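Student: Dropping the structure in here first, questions after.
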């Protein structure tokens, strides 16, 4: 429905200007700023993302071509590329980090009512994964990944119940995935689901020590000593449900507790999975 406003201006209305002003005041972002405020900077960068602009020059050229609409978009009277670049370089990133956390909180509360998560788990469940973002080495010279390739790696912790990222950590492209476990925040009682690339028993023990739970797939060379086994319903695809200890003495020093090992056969794909977890309360099928 036409409300007499541009679509971009209507989208921005979902962002609380008062919350943002609070973040700016906390870090004195508008100190000695006359015209191009932190709010204007935010709108410029958001527009650049939504409009798929490839550079600051591209963004400024796009907006200058529609200069008469700038005020109605909430962007003030406009600015230059140098002013925008200077603001991006010098203004405190924590302003936008804090505001992003506020928006994530709002989105989570809205999404909880429409969650399609099927397991009877009230605690938060997070999926952890990483992806490599390719960059032009001529422009992003500091992001050297390989001899002729630039990249950064995006480590993400995704709330499975809401499909909203709750924590994102950006590193050089060569940083191994497992290193992100050192910086991800851990919540008591929460579940962290990850693939084999995150298996490091010292780091997994950090999750266990925080009274949280991990669920991951075991590597093919996983060496263990079986302590006990529980009966399973093999008609569901379950093969075994075991309590084990690490066999290697040096590795066991990093994780001295029992680990639950579950083997599951997926009839739809014909693939057999072996899972490891420190949760001994959920059924093996729920873990799988």
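Residue numbers (the working numbering): 20 to 307. A virtual CB, placed ideally from N, CA and C, is assigned to each residue, including glycine. Everything numeric in this text was worked out from a predicted model, so none of it was measured.
1. Can you tell me where the beta strand (DSSP E) with residue 174 in it begins and where it stops?
2. Here's the rule: buried if 16 or more other CB atoms are within 10 angstroms of the residue's CB, otherwise exposed. What is residue 261?
3. Go through the stretch 74 to 147 residue by residue and report every complete run of the alpha helix (DSSP H) that reaches 4 residues or more, in order.
4. The alpha helix (DSSP H) spanning residue 225 covers which residue range?
5. Leaving aside the five residues before and after residue 391 along the sequence, list all residues of the same chain whose C-beta is less than 6 Å from its C-beta, in chain order.
6. Please state if the CB of residue 180 and the CB of residue 144 are separated by a distance shorter than 8 Å.
7. Can you grab the Cα-Cα spacing for the pair residue 66 / residue 195, in whole Å?
8. Mind checking who residue 292 pairs with in its DSSP beta bridge?
9. Tell me the DSSP secondary structure of residue 247 in three-state form.
10. Take residue 127 and list the residues in its own chain whose beta-carbon comes closer than 6 Å to its own, dropping the five residues that flank it on each side.
11. Where does residue 237 fall in DSSP's three states?
12. Would you kindly check if the distance between the Cβ of residue 75 and the Cβ of residue 103 is under 8 Å?
13. Quick check: residue 234 and residue 296, are their CB atoms within less than 8 Å of each other?
14. Go ahead and label residue 59 buried or exposed: buried means 16 or more other beta carbons lie within 10 angstroms of its beta carbon, across all protein chains shown.
15. In whole angstroms, give me the CA-to-CA distance for residue 251 and residue 31.
16. Spell out a yes or no on whether the stretch 216 to 235 and the stretch 161 to 172 are touching, meaning 3 or more CB-CB pairs, one atom from each, closer than 8 Å.
17. Cβ of residue 263 within 8 Å of Cβ of residue 246?
18. Pop quiz: residue 63 and residue 94 are said to be a contact at Cβ under 8 Å. What is the actual Cβ separation, rounded to whole angstroms?
19. The alpha helix (DSSP H) spanning residue 261 covers which residue range?
Tutor: The answer reads as follows:
1. As a position in the chain shown, residue 174 is number 155, starting the count at 1. Run containing residue 174: 168 to 178, per the beta strand (DSSP E) assignment.
2. The count along the chain shown starts at 1 and reaches residue 261 at position 242. Residue 261 comes out buried.
3. Counting only runs of 4 or more, we get 75 to 83, 100 to 109 and 113 to 130.
4. Along the chain shown, read from residue 1 onward, the residue named residue 225 stands at position 206. Residues 220 to 228.
5. The requested residue 391 does not occur in the structure, where the chain is confined to residues 20 to 307.
6. Here residue 144 refers to the residue found at position 125 when the chain shown is read from its first residue. Here residue 180 refers to the residue found at position 161 when the chain shown is read from its first residue. For residue 144 and residue 180, yes; Cβs fall inside 8 Å.
7. On the chain shown, position 47 is the one that residue 66 refers to. On the chain shown, position 176 is the one that residue 195 refers to. Approximately 33 Å, taken between the alpha carbons.
8. Residue 292 sits at position 273 when you count from the first residue of the chain shown. Beta-bridge pairing links residue 292 to 283.
9. Within the chain shown, residue 247 is the residue found at index 228, counting from 1. Strand, per DSSP.
10. In the chain shown, residue 127 corresponds to position 108, counting from 1. Around residue 127: 181 and 183.
11. Stepping through the chain shown from its first residue, residue 237 is reached at position 218. Note: residue 237 maps to coil in three-state DSSP.
12. Indexing the chain shown from 1 puts residue 103 at position 84. Indexing the chain shown from 1 puts residue 75 at position 56. In this structure, residue 75 lies closer than 8 Å to residue 103 by Cβ.
13. In the chain shown, residue 234 corresponds to position 215, counting from 1. In the chain shown, residue 296 corresponds to position 277, counting from 1. It is a contact, given that the beta carbons lie within the stated cut-off.
14. Position 40 of the chain shown, counting from 1, holds the residue named residue 59. Residue 59 is buried by the Cβ-count criterion.
15. Stepping through the chain shown from its first residue, residue 251 is reached at position 232. Stepping through the chain shown from its first residue, residue 31 is reached at position 12. Residue 251 and residue 31: Cα-Cα distance of roughly 53 Å.
16. no
17. For this step, residue 263 is matched to residue 244 along the chain shown. For this step, residue 246 is matched to residue 227 along the chain shown. Their beta carbons are under 8 Å apart, which means residue 263 touches residue 246 by this criterion.
18. Within the chain shown, the letter at position 44 stands for residue 63. Within the chain shown, the letter at position 75 stands for residue 94. 6 Å between Cβ atoms; contact.
19. Within the chain shown, residue 261 is the residue found at index 242, counting from 1. Per DSSP, residue 261 is not a residue of any alpha helix (DSSP H); the beta strand (DSSP E) it occupies stretches across 257 to 265.
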